[in-house]
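Worksheet: one structure, shown below.
Residue numbers (this note's numbering): 4 to 221.
In structure tokens:
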């Protein structure tokens, strides 16, 4: 039975990943700062994890038994939207921990538990693209651009071990973060990404891809 670890699985894209992989017979470990009833209803292993807690992040890999076939770093925050002012600066710092530092540290710590052929995916955003920058959402854009760099560095570490690390843009998804006016449902986005993940090879490692497999400009 293949195994997957998914962070931020209490709602939205993370919950849908957990639902679809569980339905396919995978052993799913799902984390959230505050686990939800929807997670419990899936019958998956639920582990509390606050990505703002540096000690919890540093020790989390010890709670995961190998081998781990797939790690999906999905958890993230879009707060704050405004980059100006002292409180927004503090919130921006917290965002960088959740969106960048914690995913990288988890991936780095989990690497020894992954067999050759294992895969690590971070859920990035098209808003991380410097080459296609539409402005606004400065804290979020910078955090996801930094995540891409961290994941690219992780890919360099992982490749000699035969482990593929890729950043994926899920598209504009109808979640609490994406809003009701978004283009696609979480079910459709995750279905597309699962198909892409299945066909990823070591040659894809270090790339930034849309859910259809096309390249996103850095």
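Using N, Cα and C, we set each Cβ at its ideal position, and we do this for glycine too.
Computed from a predicted structure; not experimentally measured.
**Request:** Rank 112, 209 and 126 by C-alpha distance to the C-alpha of residue 69 and give the top, closest one.
**Result:** If you number the chain shown from 1, residue 69 lands on position 66. Nearest Cα to residue 69 within the set 112, 209 and 126: 112.
**Message:** Check for me: the beta strand (DSSP E) holding residue 242 runs from which residue to which?
**Reply:** This structure leaves residue 242 out entirely; the chain is present only between 4 and 221.
**Item:** Contact check, residue 84 vs residue 154, beta carbons under 8 Å
**Value:** Indexing the chain shown from 1 puts residue 84 at position 81. Indexing the chain shown from 1 puts residue 154 at position 151. Against a cut-off of 8 Å, the Cβ pair of residue 154 and residue 84 comes out as no contact.
**Selected residue, minimal CA-CA separation from residue 134, among 220, 13 and 44** = Position 131 of the chain shown, counted from the first residue, corresponds to residue 134. Minimum Cα distance to residue 134 is reached at 220.
**Prompt:** When DSSP builds the beta bridges, which residues end up paired with residue 48?
**Reply:** Reading the chain shown from its first residue, position 45 is the one you call residue 48. Under DSSP, residue 48 shares a beta bridge with 32.
**Request:** Specify the secondary structure class of residue 76 as computed by DSSP and reduced to three states.
**Result:** Sequence index remark: in the chain shown, residue 76 carries index 73 (1-based). In this structure, residue 76 counts as strand in the three-state DSSP scheme.
**Request:** Measure from the alpha carbon of residue 201 to the alpha carbon of each residue in 162, 80 and 72, then state which is nearest.
**Result:** For this step, residue 201 is matched to residue 198 along the chain shown. With distances taken between Cα atoms, residue 201 lies closest to 72.
**Request:** Alpha carbon to alpha carbon, how far is residue 8 from residue 3? Give it in angstroms, no decimals.
**Result:** There is simply no residue 3 to check, as the chain begins at 4 and stops at 221 in what is shown.
**Prompt:** Does the ligand FMN have a heavy atom nearer than 7 Å to the CB of residue 30?
**Reply:** With respect to small molecules bound, the structure shown includes none, and the ligand FMN cannot be examined in it.
**Message:** I'd like the span of the alpha helix (DSSP H) that includes residue 122, first residue to last.
**Reply:** Reading the chain shown from its first residue, position 119 is the one you call residue 122. In the DSSP assignment, residue 122 falls outside any alpha helix (DSSP H) and within the unbroken beta strand (DSSP E) covering 122–126.
**Start and end residues, alpha helix (DSSP H) containing residue 16** = Mapped onto the chain shown, residue 16 falls at position 13. Annotation: the continuous alpha helix (DSSP H) that includes residue 16 extends over 15–26.
**Prompt:** Which residues in the same chain as residue 132 place their Cβ atom closer than 6 Å to its Cβ, once the five residues preceding and following it in sequence are excluded?
**Reply:** The sequence position of residue 132 within the chain shown is 129, counting from 1. So the list reads 219 and 220, once near-sequence residues are dropped.
**Item:** Inter-residue Cα distance where the pair is residue 33 and residue 77
**Value:** If you number the chain shown from 1, residue 33 lands on position 30. If you number the chain shown from 1, residue 77 lands on position 74. Approximately 10 Å between the Cα atoms of the pair.
**Whole-Å CB distance - residue 171 paired with residue 124, under 8 Å assumed** = As a working mapping, residue 171 is identified with position 168 in the chain shown. As a working mapping, residue 124 is identified with position 121 in the chain shown. About 6 Å separates the beta carbons of residue 171 and residue 124, which is inside the 8 Å limit, making them a contact pair.
**Whole-angstrom C-beta distance between residue 158 and residue 209, which should lie under 8 Å** = Translated into the one-based positions of the chain shown, residue 209 becomes position 206. Translated into the one-based positions of the chain shown, residue 158 becomes position 155. Indeed they touch by this definition, with Cβ atoms about 4 Å apart.
**Item:** Cβ-based burial, residue 87 [other Cβ within 10 Å; buried from 16]
**Value:** Position 84 of the chain shown holds residue 87. Classification of residue 87: exposed, given that the 10 Å Cβ count is below 16.
**Residue range of the unbroken beta strand (DSSP E) whose run includes residue 170** = Here residue 170 is taken as the residue at index 167 of the chain shown, counted from 1. Taken as a continuous stretch (DSSP letters only), the beta strand (DSSP E) holding residue 170 covers 167–172.
**Request:** Within the same chain, show all residues whose beta-carbon is closer than 8 Å to that of residue 16, passing over the 5 residues directly before and after it, in chain order.
**Result:** By one-based count along the chain shown, residue 16 stands at place 13. Within the same chain, residue 16 has close Cβ partners 77, 126, 173, 176, 178, 189, 192 and 193.
**Prompt:** residue 31 to residue 21, Cα distance in whole Å?
**Reply:** Residue mapping note: residue 31 aligns to position 28 of the chain shown, counting from 1. Residue mapping note: residue 21 aligns to position 18 of the chain shown, counting from 1. Going by the C-alpha atoms only, they are around 7 Å apart.
**Close-in-space but distant-in-sequence residues of the same chain around residue 43 (CB under 7 Å, 5 per side omitted)** = Along the chain shown, read from residue 1 onward, the residue named residue 43 stands at position 40. By the criterion of a C-beta distance shorter than 7 Å, residue 43 is surrounded in its chain by 49, once the five residues flanking it on both sides are discounted.
**Message:** So the candidates are 137, 97, 23 and 198; which of them puts its Cα closest to the Cα of residue 79?
**Reply:** Here residue 79 is taken as the residue at index 76 of the chain shown, counted from 1. It is 97 whose Cα lies nearest to the Cα of residue 79.
**Asked** So, residue 165 versus residue 197, is the Cβ gap smaller than 8 Å?
**Response** Residue numbering aside, residue 165 sits at position 162 when the chain shown is read from its first letter. Residue numbering aside, residue 197 sits at position 194 when the chain shown is read from its first letter. Contact: no.
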